[in-house]
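Trainee: In this note's numbering, the protein residues as written are 4 to 909.
Even glycine gets a Cβ: it sits at the ideal position worked out from N, Cα and C.
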């Protein structure tokens, strides 16, 4: 027993040591040291002399700062939002709203707290010229009322003003920061005087101010900052830190007795950021960056009686753990999947977190000349994995709280810069190829800076990268795979290529990780250059009613809602689906059959205790044609199913819903799909509803009108069932794509086309069985007809599809509720989850079996002792085989014993 304890202790010791990041041995002395160093003054001078953009930026900064520097400093100081009269030290809030200020009076004015956590408000802050000097009135603050004509200024309670109070202080501090820079660069004392008085007034006020107290004793108490309701929005530090850094020598000379006050105020800020916040997501990184920047402008630990200086705060970020501030290694272990490199948040946030980590690497490179990247080994994998988020149009997928857009390329810049600094050739070549692919402008070698923002940071941004001219741009196929599985965010991808026009892709997601929605097994479908079946986005915002009631809920997604009540907590969610089987295996690129991909996933819907599975497949019928298969099964564990609602949303302006043979369904207006009946509020967001009860197979055509006349269609065929009601409707606009440039219509003003199929009772033996095919006016549908069949043998859970293609190929598709189930139709027998037999006019054929043991077609048989993925293809007279388990293949009178093999000639 003693030996076991020793071994465990040794293991833990080694593990802890492995998690420790070594600190730099040397630190820069003197100031400035954040944006630049003393040597940087000559660099800025040369830029202004030689570069037109730099001269323009400098003149704009100087001109706007002179407006205030040419006045007495008191003018700008008096516009700070402070408790000038009450000098309150205690701030009281009620949840996300300011309540009041009080406590014993400080010896100096203290900093006024902002109004609310959310930025939205019916009141707008006044311009600086309109701000009342030394404003501290019992009536509140004097702001513009946006709801009244002429937007008059009037007194209003701070609790109604959003984040406008801190906005005024940030604007004033930005002017003071620029003045500090101008003093450092020019030596003119008027700039120092202005910056000094503003900084001293504010920082002394913060020194005496306490952390706000939540009267509700709620979660908000763990989030509050000194100036903002969220420690991740202590944005004024972005002005205060460089201001202090540039002005350090002047402050040391003219405010020497106050230097301990300033340091203590900065440390109070850093300590509160350590104490509050959220450790398990991107908040931790925002918090860490504030702490690092504060640490960088502080002096060495031995200069402070409490021992808390630069080394203390840098080490805290790297290696220390508290309940709400984790070290970088602990955060990495929690958030990154070491195998895939995917971060445990939705794509929009995940990519930003990867960028944040890259920025940390760059921060240490620039400020401490220290390479931290080798101590963060997962980061290189994470950067390399980001292209897996891409649809074939090179926009990212949209699940969760994501706004789809292009891939961030600054992450490649950071990796190249790090490689060049420390002479890592392989790393440089790898990420140079990626940068040239995803940012062709960077590959052109153009270093001209255009439309440069008039900000002091413009002088100190990264030097232009000199890319290796001998490294060619990578190919997109090098960075994506036919399937990709990220279990830490419950996300599975299928794609049959990366042609923006002709390729197909499925993005399937559950609800695991942060910034996720209640969506069950939700999908996005791609076609003809667009995510035609998109995720809806976040709505007005995280704190808005439409986010809580609609955008974050099942009915806004392409999924199935049970009994009208399926839901669970959104934002941080722990409701993943289970990947039962798929083909090909994730991230395998070679030796695969490329005509079929599929996935079969299982989800337990917690609200109704329902079992759900979704089988999805891409069937490629030619280099430019193909279609999707979707089989969604759903039933409650203990029966008593009322209904299962299949929701599908599509881009476009028009939807036509008919019987599959084109006959009118006689849809009638309806009040169904409503909150009435104790259903989700989300149902009430659906409007223009028409429906009919029918057991007929149906076809829906969604049309997106294009400016060039080549309209894009999504064609959907769905199998009819007894107890089925189908709806055409409109839903709120697709907010996720409302910011995406290049959309063919105003997405924000267009409601989302919505199809709903309601199955009364269970939907397991009567699943939702669909085929989807994108097409366009100039590239018509490749499908001649879609029909559905039942097994000829007893197989209640078999869904059969027959797809007749215009090129003469006929596909017979089997989907079954269990991989052990067997079904026969015509001359085909299949035992397994998924099977496809495709027959060409020239007698070429393909037999594909997913997670099964048997597939027979005429005189061809494939048998396996274990469930496997098997492909047998006849092409130009030759037979090809791929199998994940040993099998026996019989073709006519010939029998072959085949071991596990990639796709090859039989």
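#1: What does the alpha-carbon distance come out to for the pair residue 34 and residue 576?
#2: Express the C-alpha separation of residue 691 and residue 362 in angstroms, rounding to a whole number.
#3: Taking the DSSP output, what are the residues bridged to residue 648?
#4: Is residue 737 helix, strand or coil when you go by DSSP?
#5: Taking the alpha-carbon positions, what's the residue 27 to residue 416 distance?
#6: Report back the beta-carbon spacing between residue 402 and residue 538 to the nearest angstrom; my notes put them in contact at under 8 Å.
#7: So, are the CB atoms of residue 381 and residue 392 less than 8 Å apart?
#8: Compute the distance between the beta-carbons of residue 567 and residue 682, then report whether it is under 8 Å.
#9: Relative to the C-alpha of residue 676, which candidate in 686, 259, 668 has its C-alpha closest?
#10: Could you give the DSSP three-state label for residue 340: helix, strand or coil?
#11: By Cβ distance below 7 Å, which residues in the same chain neighbour residue 15 in space, the five residues on each side in sequence not counted?
#12: Residues in its own chain within less than 7 Å of residue 2 by CB, not counting five upstream and five downstream?
#13: Can you list, in chain order, the residues of its chain whose CB lies under 6 Å from that of residue 696, leaving out five sequence neighbours each side?
#14: Starting from the C-beta of residue 10, find all residues in its chain whose C-beta is less than 7 Å away, skip the five residues before and the five after it, and write them out in chain order.
#15: Would you report the Cα separation of residue 22 and residue 285, rounded to the nearest angstrom?
#16: When you compare the CB of residue 783 with every CB in chain D, is at least one pair closer than 8 Å?
#17: How would you write the range of the alpha helix (DSSP H) that residue 315 sits in, first residue to last?
#18: Would you kindly work out how many angstroms separate the C-alpha atoms of residue 564 and residue 730, rounded to a whole number?
#19: What does the alpha-carbon distance come out to for the pair residue 270 and residue 583?
#20: Just tell me which of 443, 496, 720 has its CA closest to the CA of residue 477.
#21: Would residue 233 pass as a contact of residue 226 if the rule is Cβ separation under 8 Å?
#22: So what does DSSP say about residue 743, is it helix, strand or coil?
#23: So, does the region 256-272 touch the region 334-347, judging by three or more C-beta pairs under 8 Å?
#24: Please state the DSSP three-state secondary structure of residue 2.
#25: Check residue 243 in the structure and name its three-state DSSP category.
#26: Give the DSSP-derived three-state secondary structure of residue 871 in the structure shown.
#27: At what residue ranges does the region 647-703 contain a whole run of the beta strand (DSSP E), taking only runs of 3 or more?
#28: Using DSSP with H/G/I as helix, E/B as strand and the rest coil, what is residue 488?
#29: Between 781, 771, 833, which lies nearest to residue 796 when the distance is taken from Cα to Cα?
#30: Identify the continuous alpha helix (DSSP H) that holds residue 188 and give its terminal residues.
#31: Taking DSSP as the reference, what is the three-state secondary structure of residue 501?
#32: Contact check, residue 617 vs residue 524 under 8 Å by CB: the rounded distance?
#33: Are the beta-carbon atoms of residue 717 and residue 702 separated by less than 8 Å?
#34: Where residue 591 and residue 390 are concerned, what is the direct C-alpha to C-alpha distance, given to the nearest angstrom?
#35: Report yes if the CB atom of residue 526 is closer than 8 Å to the CB atom of residue 499, and no otherwise.
#36: Excluding five sequence neighbours on each side, which residues of the same chain lie with their C-beta closer than 6 Å to the C-beta of residue 191?
Mentor: Reading from the atomic positions:
#1: Approximately 45 Å between the Cα atoms of the pair.
#2: Whole-angstrom Cα-Cα distance: 48 Å.
#3: For residue 648, the beta-bridge partners assigned by DSSP are 564, 761.
#4: Collapsing the DSSP output to three states places residue 737 in coil.
#5: A straight-line Cα-Cα distance of about 23 Å links residue 27 and residue 416.
#6: With a Cβ gap of about 5 Å, residue 402 and residue 538 count as contacting.
#7: No, they are not a contact pair.
#8: Inclusion of residue 567 and residue 682 in the CB contact set at 8 Å is warranted, their separation being smaller than that value.
#9: It is 686 whose Cα lies nearest to the Cα of residue 676.
#10: Coil at residue 340, not helix or strand.
#11: Residue confidence is low: residue 15 scores 40 on pLDDT, short of 50, so the model does not pin down where it sits. Its coordinate-derived value is still stated next. Around residue 15: no qualifying Cβ.
#12: Because the chain here runs from 4 to 909, residue 2 falls outside it and cannot be looked at.
#13: The residues are 728.
#14: Low confidence applies to residue 10: its pLDDT is 44, below 50, so where it sits in the model is not reliable, and the reading given next is rough at best. No residues qualify anywhere along the chain.
#15: Residue 22 and residue 285: Cα-Cα distance of roughly 20 Å.
#16: Protein chains in the displayed structure number just one, and chain D is not present.
#17: First-last of the alpha helix (DSSP H) with residue 315: 313-322.
#18: So the two alpha carbons sit approximately 15 Å from each other.
#19: Annotation: residue 270 to residue 583 spans about 51 Å, alpha carbon to alpha carbon.
#20: Minimum Cα distance to residue 477 is reached at 443.
#21: It is a contact, given that the beta carbons lie within the stated cut-off.
#22: In the three-state reduction of the DSSP assignment, residue 743 falls in the coil class.
#23: No, the region 256-272 is not in contact with the region 334-347.
#24: Not covered by the structure: residue 2. The range shown for the chain is 4 to 909.
#25: Here residue 243 sits in helix by DSSP.
#26: Strand, per DSSP.
#27: Those beta strand (DSSP E) runs which fall completely within the region 647-703 and span 3+ residues are 657-662, 690-696.
#28: Residue 488 falls in the strand class under three-state DSSP.
#29: The shortest Cα separation from residue 796 among 781, 771, 833 belongs to 833.
#30: Segment 167-189, the alpha helix (DSSP H) holding residue 188.
#31: Looking at residue 501 - three-state DSSP - the assignment turns out to be coil, as it is neither helix nor strand.
#32: Going by Cβ atoms, the distance from residue 617 to residue 524 rounds to 4 Å, so yes, they are a contact pair.
#33: For the 8 Å CB-CB criterion, residue 717 and residue 702 do not form a contact.
#34: Residue 591 and residue 390: Cα-Cα distance of roughly 15 Å.
#35: Contact flag unset, no.
#36: Counting only Cβ-Cβ distances below 6 Å, and skipping sequence neighbours, we find nothing.
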